[in-house]
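The structure appears below as structure tokens.
Protein chains: 2
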Amino acid sequence: MKPAEIAKNIKDASHIVAHLDSEKKNKVLYTLHDLISKNTDYIISENKKDILNAENAGLQKSLIERLKIDGKVIKEMQSSIEDVIGLPDPVGEVTKLSKRPNGLLVGKMRVPIGVILIIYESRPNVTVDAFSLCLKSGNCAILKGGSEAVHSNIALFNLITESLQREGLSEDVVKLVTTSDRSYIYELLKQDEYIDLIIPRGGEALIKNVVEQSTIPVLKHYKGVCHIYVDEWADIELACRICLNAKVQKPATCNALETLLVHESVARTFLPHMAKIFSDHGVALKGCDKTLEIVKGIEKAEETDWYEEYLDLVLSVKIVKDMDEAISHIRKYGSDHTEAIVTKNYDNAWRFLRELNSSLVLVNASTRLNDGYQLGLGAEMGISTTRLHAFGPMGLEELTVTKFIAFGNGQLRE
Amino acid sequence: MKPAEIAKNIKDASHIVAHLDSEKKNKVLYTLHDLISKNTDYIISENKKDILNAENAGLQKSLIERLKIDGKVIKEMQSSIEDVIGLPDPVGEVTKLSKRPNGLLVGKMRVPIGVILIIYESRPNVTVDAFSLCLKSGNCAILKGGSEAVHSNIALFNLITESLQREGLSEDVVKLVTTSDRSYIYELLKQDEYIDLIIPRGGEALIKNVVEQSTIPVLKHYKGVCHIYVDEWADIELACRICLNAKVQKPATCNALETLLVHESVARTFLPHMAKIFSDHGVALKGCDKTLEIVKGIEKAEETDWYEEYLDLVLSVKIVKDMDEAISHIRKYGSDHTEAIVTKNYDNAWRFLRELNSSLVLVNASTRLNDGYQLGLGAEMGISTTRLHAFGPMGLEELTVTKFIAFGNGQLRE
């Protein structure tokens, strides 16, 4: 089917999905959960084809790791479905109902966005996660997975359509795009008449290309150059614990620490101690000139390092003379993702919170907490650093929008 | 200055504007209000140059009318500034603060979007309105007015920069783009690193072009094909009053009625009466076949008429056999702008409200009420039919976004 045709069909289906009862939506998800249990062998054997192809193509080991579906990944997928079933349905909520001077009762009703195109790489579990979140929030989804995961994605997608059919719903509710023909994808990115939102999840190059080609709004984050600022008034022991967690707990994630900023007045007490801890955990430091004076034998940070998202056990370290310099540095080199301050000073904590407009700003806590589950959203469709609609982790509510509703008894415009 | 340079400078300035106190922002607006009073002659004489050019170029009379600044328009601009001064500052509000199981206190803080590019035609008062709304919501604005209003826009912009300077603020807080060089504008539309949002206000062709060229999210509405459905259970007298108001009170606006849908069981009582009223008010009707049987001597509506935004005293009329047909018609031909039902039936009212996801859905009231002032937003930057971020009229709050904030005492990711 042509992109315009797929998009039109799914837009038509979206009117039905928008008004499904929560019970019905949960029933589909329970059925899918069940089908995954019953088809574990099928999923894993289809996944093996992708793994084999990836190995033959000489793909990086870390990519193959992400591609892999084993019993643990199956359980995680099912547990995500359970989470989504357990979350309240955001659709239909009415807020801000109030009477205007002319007696018109005006409010806002939460409704689905409509049709969402999700573009992702590697991890085939996104096929199930994205579908669950879209269905529960009343949206239709077009799923464009990576070509390296095509067998796994088709297998999971078959179970999804079966779960829809078993509950009497149209297969147009969700579409899987398996082609890797660029011109086809580019045409899909222009269907702004039918597709309401694109969420790309993947590397910076993929996302930039989507933004460049699309006429549809895109919510995305390019990268997470996350900072921790260890203030003049920091509790040094606390700073060490937070920085270590932010850097090493899972270094390949977007909310891991990439640049450490240290107030010059605590640098001589904090840095040697911290450097030792990092060294014990295999973290390689790259320091500014002042850092090199205090911590010996580490590499010098170049200008480009301050922009770097290492996604690895590497960390840039800079000594700043005050908070002004820390804030300026973050504004210049940061990616609006996650910043934290370690301080015991009230004014500095509030200033940092107010003046840095990243998607999450923390006081005395790890940057690794920027995550839908950790922040209480219950589930997550990714993190947006786009300063529009949803800024930060996107949960079910962030996959909806509000329309105005008005109850009148003959109100006119005078 | 090159587009990238303008955009970068204004992004830098946006960090300052984001944290201005409400008092300071109001002071700038008071000063601007005052400067407009003192420079009325200057504004009107600059505007006369635009009018003269427009007349010499043979522009449409209605366009020249929109271009014109007289004492009344000056007063309206000042009254809009007063409205914005009187509105609460949305920036800094903290909501949804709650404690996570690990003791982390998580909330959302309202912050400005950042840099907003507003593209508009004709009406030079938008220069002042858009600036006031952006400043009060802590945003920086790039204003791209129509070339036909260039003298008027420059005059108003000079007063804006003077008001900023008098309050000690950088002139980078707001920029006016006066060139009509397309390649320059297209380059501006690609500055997604610095510009966060584009709001185009103008004709469909202008907006389509912006969407096509931009890599920045665009909030817009193409057109307003607004419907009223007169239900089987409508109060006929009320339906007549509402339909008349929606069509004739200001036919050239986006929220004016364009297509009237009538349940077949009330068509014979309602339509002859309504047609007489419309005829008395100079409204030309275009009817479906069934309508032509009841109302004699009117034109037949063609397929293309159902998509039409007449912006004039013309109205399409269709008789439908039930609400299903009305809803299907609106979904197919509508523009997600404004729909109203006239009914005394509870179930039908709720079904219409729930199943039509346009930016405003009304029961027993005029479509002309889709407006920021009428719905209680206090001011308006235009209406969005983009199903993202702000769906419907955009007020001050819709020019902001929320970031997550978290107060911790050593929380880590386990």
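Top line first, the protein sequences correspond to chains A and B.
Per the working numbering, the very first residue in the first sequence carries number 1; after that it's consecutive.
Per the working numbering, the very first residue in the second sequence carries number 1001; after that it's consecutive.
Just so it is clear, CB atoms sit at the ideal spot from N, CA and C, and this is done for glycine as well.
Residues that residue i contacts on chain A, provided the C-beta gap is smaller than 7 Å
i	result
residue 1223 of chain B	Residues of chain A passing the Cβ test: none, with the nearest at roughly 13 Å.
residue 1197 of chain B	388
residue 1052 of chain B	Neighbours of residue 1052 of chain B on chain A: none; closest Cβ ~34 Å, over 7 Å.
Where residue i meets chain B, residues with beta-carbon distance less than 8 Å
i	result
residue 211 of chain A	1192, 1215
DSSP bridge partner residues for residue i (one or two, in chain order)
i	result
residue 1365 of chain B	A:411
residue 1099 of chain B	B:1105
residue 384 of chain A	A:392
residue 1286 of chain B	B:1299, B:1316
residue 1263 of chain B	B:1320
residue 1403 of chain B	B:1109
residue 1141 of chain B	B:1116, B:1174
residue 226 of chain A	A:257
residue 1094 of chain B	B:1109
residue 1360 of chain B	A:404, B:1338
residue 218 of chain A	A:198
Under 7 Å by beta carbon: chain B residues contacting residue i
i	result
residue 404 of chain A	1359, 1360, 1375, 1392
residue 137 of chain A	Going along chain B, no residue has its Cβ under 7 Å from residue 137 of chain A, so there is no contact; the nearest lies around 12 Å.
residue 364 of chain A	1408, 1409, 1410
residue 182 of chain A	None at all; the shortest Cβ gap to chain B is about 18 Å.
residue 106 of chain A	1375, 1376
Within chain A, the residues that residue i reaches when beta carbons sit closer than 8 Å
i	result
residue 1401 of chain B	387, 388, 389, 391
residue 1098 of chain B	376
Where residue i meets chain B, residues with beta-carbon distance less than 9 Å
i	result
residue 238 of chain A	1409, 1410
residue 355 of chain A	1015, 1018, 1019
residue 368 of chain A	1412, 1413
>> With a threshold of 8 Å, are at least 3 pairs of Cβ atoms found where one atom belongs to the stretch 159 to 167 of chain A and the other to the stretch 28 to 45 of chain A?
In response: yes
> What are the start and end residues of each continuous alpha helix (DSSP H) run of 4 or more residues lying completely inside the stretch 291 to 356 of chain A, in chain order?
Replying inline: 323 to 333, 346 to 355
>> With three or more C-beta pairs closer than 8 Å as the rule, is the stretch 378 to 389 of chain A touching the stretch 208 to 225 of chain A?
In response: yes
> According to a CB-to-CB cut-off of less than 7 Å, which residues of the stretch 1242 to 1255 of chain B neighbour chain A?
Replying inline: 1242, 1245, 1249
>> For the structure I just gave you, are there three or more beta carbon pairs, one from the stretch 1102 to 1118 of chain B and one from the stretch 1067 to 1081 of chain B, closer than 8 Å?
In response: no
>> Which residues of the stretch 111 to 141 of chain A have a Cβ closer than 7 Å to any Cβ of chain B? Give them in chain order.
In response: 111, 113, 114
> According to a CB-to-CB cut-off of less than 7 Å, which residues of the stretch 318 to 335 of chain A neighbour chain B?
Replying inline: 331
>> If contact is defined by three or more beta carbon pairs under 8 Å, each pair taking one atom from either stretch, is the stretch 1254 to 1262 of chain B in contact with the stretch 1312 to 1321 of chain B?
In response: yes
> Do three or more CB pairs link the stretch 7 to 16 of chain A to the stretch 161 to 176 of chain A at distances below 8 Å?
Replying inline: yes
>> Taking 8 Å as the cut-off, does the stretch 1090 to 1101 of chain B touch the stretch 1399 to 1410 of chain B (at least 3 CB pairs, one atom from each stretch)?
In response: yes
> At which residue ranges does the stretch 37 to 90 of chain A contain complete alpha helix (DSSP H) runs of 4 or more residues, listed in the order of the chain?
Replying inline: 40 to 56, 61 to 67, 71 to 86
>> Across the stretch 244 to 254 of chain A and the stretch 1225 to 1239 of chain B, are there enough close Cβ pairs to call them in contact, namely three or more that are closer than 8 Å?
In response: no
> Are the stretch 1147 to 1157 of chain B and the stretch 1044 to 1058 of chain B touching, with three or more C-beta to C-beta distances below 8 Å?
Replying inline: yes
> Do the stretch 1338 to 1354 of chain B and the stretch 1227 to 1234 of chain B make contact, defined as three or more Cβ pairs closer than 8 Å?
Replying inline: yes
>> Contact between the stretch 358 to 367 of chain A and the stretch 97 to 110 of chain A is defined here as three or more beta-carbon pairs at a separation below 8 Å; is this criterion met?
In response: no
> Is the stretch 1298 to 1316 of chain B touching the stretch 1188 to 1199 of chain B in the sense that three or more CB pairs, one from each, lie closer than 8 Å?
Replying inline: no
>> Give the list of continuous alpha helix (DSSP H) stretches no shorter than 4 residues that lie fully inside the stretch 1163 to 1207 of chain B.
In response: 1182 to 1188
> Three or more C-beta pairs closer than 8 Å, one from the stretch 12 to 28 of chain A and one from the stretch 115 to 135 of chain A: is that the case here?
Replying inline: yes
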